[in-house]
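Residues in the sequence shown are numbered from 1 upward in steps of one, following this note's numbering.
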Amino acid sequence: MSNSIHPLIEQYVQSETRRQFFRRGGSILGTAALASLGGTLGARAEGGLGTLPHFAPKAKRVIYLHMVGGPSQMDIYDYKPQMNDWYDKDLPESIRNGQRLTTMTSGQARFPIAPSMYKFAQHGQSGMWVTELLPQTAKVVDDLCFVRSMNTEAINHEPAITYMQTGNMVTGRPCIGAWLSYGLGSMNDNLPTFVVLVATPTNTEQIQAISARLWSSGCLPGEHGGCSFRSVGDPILYINNPSGVPTDIRRKTLDGLKSLNEMNFRAVGDPEIHTRIQQYELAFRMQSSVPDLTNIADEPESTMELYGQDAKKPGTFANSVLLARRMVERDVRFVQIYLNNWDHHGNVAKRLPSQCKDIDQATYGLITDLKNRGLLDSTLVVWGGEFGRTIYSQGGLSKENYGRDHHPRCFTMWMAGGGIKGGTIYGETDDFSYNIVKDPVHIRDFHATALHLLGIDHERFTFKNQGLDLRLTGVEPARVIKELLAQQDLEVVAPTVQQLEFFESKIRPVLVERCYECHSSGATILQANLSLETREGILRGGDSGPAVVVGKPEESLLIAVLGEQEPKMPPEGQLPEGLIADLKRWIEDGLVDPRVASDSDSSGGKKAWVDPELADSHWAFQPIGETVLPAAERWHMPSVSHGNSIDAFVQAKLKERGWEADSRAEALVLLRRATLGVTGLPPSEQEIETYMGDRPEERYERLIDRLLASRHAQRLAVSRLGHRRVE
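In structure tokens form, the structure reads like this:
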């Protein structure tokens, strides 16, 4: 079977240039509708995915401070005074419990306990224990949330740091910064969405190799990879015009390159050509924005006092975090800073104080500065390494010095701002800081929680690659650690359009069909004194107490009685697992009030339209990634077997000029799904009037005509129509 494009489409493509196609301008309605019909779209260069965020985010930006090598938790934040009595005693086998070790210590004749040589003290109203090596950081502990029970399976640097950054120990996956760039897009026009800085430590005894693969976009479009800023010379190579080349000549050169790249893209359809075009254009815009960003001469002396005088030295950690503040101030989405030399296999006495001095004043300055500028509440700050260190000494042990090997079973990270509950300690390790005894947090849980703070449900945030729906959190269980979140995260907030739509299509039909007969004002007898008609009634509960714990479906009585707990509900038979999963999501996302969902939407009080009979089965109400097109007859396009339903739809429309949707697809359902489900906005009065005013036999044809006239068609064409030609 031939894979050639249909002659009619070929003629259409050849007769109209991309610029003509994209210049037409017009309504967003058509693009939204076709997107909903065509399944999951590729990334939008500036705006991210139209379906994100899933719910109201607490954080808009991230500053991730990665300490390369693995900081020693028991020397910094995980205070273990009991170990003073264990000095030079062997680590009990009952504690090690057969754990595999690295080749650097597995051959040691014994594993002598090395208590921390540093003093600890409690700080802040929270009374957090912090090493004497971090006296400035200790001043802001009430803004930090310590997670002492982080754990990973990776025991060596290469897989461990890859796992921490990408969610997988195998190289080649997108990193967390690339995921956020892809999903949420840029918040500014003249700077990268994702920036990487590699700081230089004062002590360089044992530098670990790190490479650009850690900030790679992996299988995501290339423009979502991190942009690395240098500390010496131009921040970005070749960003400035060559000597003797004025800006207007540079602009003409780039226009020429763009034309050539567009010709190449039309010929082969490689999406990386689009990435190259975007990079050239961003580089040109950065010629004015980057020098202003990196020129810290305009910072007052009080800023240098806050961050420390090292902030004046390019490449230092202090200088890097000051630049990070300037970046988030300019709406850079994700800033990653790497600081090397935390791999303390020996000489902890000299190396650890140097490392702590590098970060101490600067960390205090960053948190304080963000707070003073009103940026901390919307900026998530993360600090940590790829694993921890062992309580036993690697090599020789003395009261004055020792070394520590890699330890993946438990280590400490902290987070601040962006919806995090400051002054909190989560997780607990044993007396040896060797095993977790309470509230373990896996890397997957950390990623799920970070995404949650940015308004993303980690289970629904996927990218199809080689037939698989990839997630940052992978396929194994991961959970959002609600205990780390600020209390206001659980307060009643106005639901997002996506939450309203989910409630209307998934939750309300269950309540109406399976619950309200016994648990509403319309019930003949209100069973168990429980009403599920309002959020207030659900939280108040009935004879057995509250029905729901907001944000915690696993602790909610409603979920328990729908499962195995007696009495089982509903009486006529247990709900399918899929419906129970939907109810769990409803609770975890904040428990949308049934009254709010039924009476209004985010457009300002108009009733949200829904037909309960269609909600479960109608294609117009299915999640975007699962959309199934209504039949379009009498077209032949082999590429459809590869999943490109948009090309099929456009071809059928152009050929037949009379496509018919499923008979159940009422006009208002199609319109609502197209706008609300994809753009996150309800249809306007004008859009409804225009759409409903079309004659029924022309309605679907006109919907596509609006696509072809849309100013937003470029991204759709690049990601879908252009892609088809290389299948």
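For each residue, glycine too, the CB sits at the ideal point set by N, CA and C.
DSSP state of residue i mapped onto helix, strand, coil
i	result
residue 264	helix
residue 197	strand
residue 121	strand
residue 411	strand
residue 416	strand
residue 127	coil
residue 90	strand
residue 569	coil
residue 583	helix
residue 508	helix
residue 538	helix
residue 426	strand
residue 149	strand
residue 354	helix
residue 140	helix
residue 67	strand
residue 219	coil
residue 382	strand
residue 361	helix
residue 62	strand
Cα-Cα separation between residue i and residue j, rounded to whole angstroms
i	j	result
residue 245	residue 60	38 Å
residue 263	residue 257	10 Å
residue 74	residue 326	33 Å
residue 444	residue 82	31 Å
residue 498	residue 54	6 Å
residue 203	residue 348	12 Å
residue 155	residue 537	50 Å
residue 350	residue 315	21 Å
residue 377	residue 132	28 Å
residue 576	residue 495	26 Å
residue 297	residue 344	36 Å
residue 463	residue 180	12 Å
residue 170	residue 161	10 Å
residue 247	residue 581	57 Å
residue 373	residue 199	24 Å
residue 388	residue 406	6 Å
residue 442	residue 148	11 Å
residue 76	residue 469	39 Å
residue 423	residue 255	53 Å
residue 563	residue 574	7 Å
residue 554	residue 584	8 Å
Buried or exposed by the 16-neighbour rule on C-beta atoms within 10 Å, applied to residue i
i	result
residue 591	buried
residue 544	exposed
residue 134	buried
residue 127	exposed
residue 143	buried
residue 692	exposed
residue 745	This structure leaves residue 745 out entirely; the chain is present only between 1 and 727.
residue 122	exposed
residue 595	exposed
residue 291	exposed
residue 637	The pLDDT assigned to residue 637 is 33, lower than 50, so where the model puts this residue is not dependable, and the model offers no usable value.
residue 87	exposed
residue 524	exposed
Distance cut-off 8 Å: residue i Cβ against heavy atoms of the ligand NAD
i	result
residue 471	Ligands displayed in this structure: none; no statement on the ligand NAD is therefore possible.
Short Cβ contact (9 Å threshold) for residue i with residue j
i	j	result
residue 112	residue 393	yes
residue 486	residue 58	yes
residue 334	residue 130	no
residue 440	residue 518	no
residue 331	residue 191	yes
residue 370	residue 453	no
residue 456	residue 52	yes
residue 321	residue 64	no
residue 196	residue 231	no
residue 336	residue 414	no
residue 157	residue 386	yes
**Message:** Counting beta carbon pairs with one atom in the segment 351-367 and one in the segment 301-314, are three or more of them shorter than 8 Å?
**Reply:** yes
**Prompt:** Three or more beta-carbon pairs under 8 Å between the segment 163-176 and the segment 397-405, yes or no?
**Reply:** no
**Prompt:** Contact between the segment 311-320 and the segment 156-168: three or more CB pairs below 8 Å?
**Reply:** no
**Message:** Contact between the segment 406-415 and the segment 433-443 is defined here as three or more beta-carbon pairs at a separation below 8 Å; is this criterion met?
**Reply:** yes
**Message:** I'd like to know if the segment 62-70 and the segment 419-427 are in contact, where contact means that at least 3 CB-CB pairs between them fall below 8 Å.
**Reply:** no
**At least 3 beta-carbon pairs within less than 8 Å: the segment 471-487 vs the segment 519-538** = no
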